[in-house]
Amino acid sequence: MSGSKGKKTVLICRSTGCNSSNAGKNYDLMINLINKNGLSDEVTIKKTGCHGFCQMGPIIIIEPDNVLYVKVQEEDIEDIVQNHLINDELVEHLLYKDPKSGKYIKDIDEIQFYYEQKPIIKKHCGHINPEDINDSISVGGYASLKKVLNEYKPKEVIEEIKKSRLRGRGGAGFPTGTKWQFCYNAEGSPKYLICNADEGDPGAFMDRSILESDPHSVIEGMIIAAYAIGTATGFIYVRAEYPLAVKRLTIALRQAREKGFLGENILETDFSFDIEIKQGAGAFVCGEETALMASIMGKRGMPSPRPPYPAISGLWGKPTNINNVKTFASVPRIIEKGAEWYSSIGTEDASGTIVIALTGKINNSGLVEIPMGTTLRKVIYDIGGGIPNGKKFKAIQIGGPSGGCLPAKYLDVKMDYKNLTSL
0 MSGSKGKKTV LICRSTGCNS SNAGKNYDLM INLINKNGLS DEVTIKKTGC
50 HGFCQMGPII IIEPDNVLYV KVQEEDIEDI VQNHLINDEL VEHLLYKDPK
100 SGKYIKDIDE IQFYYEQKPI IKKHCGHINP EDINDSISVG GYASLKKVLN
150 EYKPKEVIEE IKKSRLRGRG GAGFPTGTKW QFCYNAEGSP KYLICNADEG
200 DPGAFMDRSI LESDPHSVIE GMIIAAYAIG TATGFIYVRA EYPLAVKRLT
250 IALRQAREKG FLGENILETD FSFDIEIKQG AGAFVCGEET ALMASIMGKR
300 GMPSPRPPYP AISGLWGKPT NINNVKTFAS VPRIIEKGAE WYSSIGTEDA
350 SGTIVIALTG KINNSGLVEI PMGTTLRKVI YDIGGGIPNG KKFKAIQIGG
400 PSGGCLPAKY LDVKMDYKNL TSL
C-alpha cells in the first residue's frame, strides 16, 4: 500500500452521526488494541469531527495510506489493527464500494463523493481533533487572525471581504462586507456581534457539523469580524439540541482564551473581544435574526418589523452584526489566500462555496461542499451517486420549509442566489 511504511494516524469520526452508530466504542476499542499490541509508538489515534460521508458511518481513515473504511463496527476493529496496521494489508470488505462500478475503492481521493467537492469551509473538518486547539493551529488555525492584527486596519479588513464577494451563507445571501460596513459606520456603543447557529430546517445539519468538527474556524472568523466592526462582545446562538456542538464550542472558547486569542488585549494588542454561548430552546422562528436577538435578550423569540435593521438597532438597541456559521468559517480562508482567490471560485452572482446537506433517496448522502454555480445534476448524480436501484429522479427540495421543490427539468440550473430565487 502507498505510504504503508512508517508512522500511521488513525482518524476516527466522533461527530453526532457516527457517534449514534457506536463510533465511541470503536474509538475505545482501537485505543485498547493499539496499546495491547504495543503499537502506541507507531500509531496515533485521533478523534475527529465529520468527514461528510454520513451515510457510510462509522468512518475510519488511515493516513498516510489515504484509506477510507466505512460502516465500521466494533467487531471490525481487530481486523483493521491486525491486517492493516500490523500486516499492511487492506481490509477489503470495509472499503467503499462504488454504486456505479461495483468496485471497492482503496484511495479516498478516487471516491467521486469526495473528489467532486471543493472544501474551503470544511477544509479541516474530519482531519483535526476539534477539542485540541494545537491541532487546529498546526494546520493554520488563527494564522489569519495574526495576519489581520499585524497588517490590517479595520476598514482594510472590510474592503478585503467586500472584494471577495462573500455573501451570507444563512440563506438571504446579503453581501457580507457591506453588512460589516453598515455596522462599522453605525453610531452607538457598545456594538455586538452574533453568530447565528440556530439551524432549524428539517434534514439540515451543516452548521452543527462545522461546530462539532472545526469550531476554531468559526471563532477565528468571529474575532476578525469583531476587529473589523469595532466590538468587544460576541454571542454564538446555538440550539440546546446540539449538545456535542455546545460542548466542543465551550472547550474551544476556553482554549482560545488560554492562548490569548480571546479576552483582553488579544495577542498583546489593544483589541479586546470575547464570546458567550447562548443556547436556544429550538424554536424554528428563532433562526430569524430579530427573533434570535429577542431570545438573547431574554424575551419571547418573536420577529419584529425592519427597519431599523440590526446594524443600526439590534441587541439592546445597539448596532449589531449577525452572520451565519458558514459565513464566519469562510473569513479565515479569505484572509489566508486573498479576496481575488476566493472571488475566482463560483459565479459572477456569488463567489466561494456552499455547504449543503444531501439527504433522502440518494446513494451517497452526507455533507457536501461545492462551488457556487454547480448544477443540481452534478450534486445528485456525480457526488450523490444517483438514485438507488436506478430509479428515476422526480424532485428535490431545497432550502427547507421556506424553500421549494424543483422537478427534473431544473437539474441543469446552476445553483446560486440569482438562479434559485428566479425559479
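Counting in numbering that gives the first Met the number 0, the sequence shown runs from 0 upward without gaps.
A virtual CB, placed ideally from N, CA and C, is assigned to each residue, including glycine.
Is the stretch 368 to 388 close to the stretch 327 to 347, with three or more CB pairs under 8 Å? Yes: the two stretches touch, three or more of their Cβ pairs being nearer than 8 Å.
So, helix, strand or coil for residue 403, using DSSP? Secondary structure at residue 403: strand, using DSSP grouped into helix, strand and coil.
Roughly how many angstroms lie between the CA atoms of residue 352 and residue 119, to the nearest whole one? Each residue's Cα considered, the two are about 7 Å apart.
Is it buried or exposed, residue 299, if we count other Cβ atoms within 10 angstroms and call 16 or more buried? So residue 299 counts as exposed.
8 Å Cβ shell around residue 73 - same chain, five flanking residues per side excluded: Closer than 8 Å at the Cβ level, and outside the excluded window around residue 73, lie 21, 24, 25 and 28.
Along the chain, which unbroken stretches of the alpha helix (DSSP H) at least 4 residues long are found entirely within the stretch 335 to 393? Fully enclosed alpha helix (DSSP H) runs of 4 or longer: 338 to 342.
Every unbroken beta strand (DSSP E) inside the stretch 137 to 181 [3 residues or more]: You should have found no qualifying run.
Residue 112 lies in the alpha helix (DSSP H); which residues open and close that run? Here the alpha helix (DSSP H) through residue 112 covers 111 to 114.
Along the chain, which unbroken stretches of the alpha helix (DSSP H) at least 4 residues long are found entirely within the stretch 255 to 302? Counting whole runs of 4 or more residues, the stretch 255 to 302 contains the alpha helix (DSSP H) stretches 288 to 295.
Count the C-beta pairs between the stretch 124 to 142 and the stretch 380 to 396 that are closer than 8 Å, then say yes if the count reaches three, no if not. As far as the Cβ criterion goes, the stretch 124 to 142 does not touch the stretch 380 to 396, which means the pair count is below three.
CA nearest to the CA of residue 328, picked from 36, 152, 177 and 211: Between residue 328 and the set 36, 152, 177 and 211, the nearest pair of CA atoms involves 211.
Taking only three categories from DSSP, how would you classify residue 85? Note: residue 85 maps to helix in three-state DSSP.
Hey, residue 48 and residue 213 are a contact pair by Cβ (cut 8 Å); roughly how many whole angstroms apart? Cβ-Cβ separation between residue 48 and residue 213: approximately 6 Å, consistent with a contact (criterion under 8 Å).
Spatially closest choice to residue 36 from 79, 335 and 67, by CA coordinates: Ranking 79, 335 and 67 by Cα distance to residue 36 puts 79 first.
Rounded to a whole number of angstroms, what is the C-alpha to C-alpha distance between residue 181 and residue 82? Linking residue 181 to residue 82 through their CA atoms gives a straight-line distance of about 59 Å.
Enclosing beta strand (DSSP E) for residue 24 [first to last residue]: Run containing residue 24: none in the beta strand (DSSP E); it sits in the alpha helix (DSSP H), 22 to 35.
Suppose you measure from the CA of residue 1 to the CA of residue 64; what does that come to, to the nearest Å? For residue 1, the pLDDT reaches just 43, beneath the cut-off of 50, and the residue's location in the model is therefore unreliable, leaving the point undetermined.
Return the residue from the list 375, 239, 265 and 417 that minimises the CA-CA distance to residue 149. Out of 375, 239, 265 and 417, 265 has the C-alpha closest to the C-alpha of residue 149.
Is it the case that the stretch 311 to 326 contacts the stretch 182 to 197, given that we only count it when at least three CB pairs across the two stretches are under 8 Å? The stretch 182 to 197 is in contact with the stretch 311 to 326.
Out of 376, 396, 364 and 402, state which residue places its alpha-carbon closest to the alpha-carbon of residue 98. Checking every option, the nearest Cα to that of residue 98 belongs to 364.
Give the single residue among 34, 127 and 144 whose Cα lies nearest to the Cα of residue 259. Measuring C-alpha to C-alpha distances from residue 259 to each of 34, 127 and 144 identifies 144 as the nearest.
Residue 54 in three-state terms, based on DSSP: Note: residue 54 maps to helix in three-state DSSP.
Am I right that residue 232 and residue 273 are in contact with their C-beta atoms under 8 Å? What's the rounded C-beta distance? So it is a contact: roughly 7 Å between Cβ atoms.
Limits of the beta strand (DSSP E) - the one that residue 12 falls within: Residues 7 to 12.
Measure the alpha-carbon distance for residue 15 versus residue 62 and round it to whole angstroms. Put simply, the backbone Cα of residue 15 is about 22 Å away from that of residue 62.
Going by Cα to Cα distance, which pick from 19, 40, 164 and 32 is closest to residue 58? From the listed residues 19, 40, 164 and 32, the smallest Cα separation to residue 58 is found for 19.
Assign residue 177 to one of two classes, buried (16 or more other C-beta atoms within 10 Å of its C-beta) or exposed (fewer than that). So residue 177 ends up on the exposed side.
Would the stretch 232 to 243 count as touching the stretch 270 to 285 if we require 3 or more Cβ pairs under 8 Å? Yes, they touch.
Tell me the start and end of each unbroken alpha helix (DSSP H) in the stretch 222 to 257 that is at least 4 residues and wholly inside, in chain order. Note on the stretch 222 to 257: whole alpha helix (DSSP H) runs with a minimum of 4 residues are 242 to 257, in chain order.
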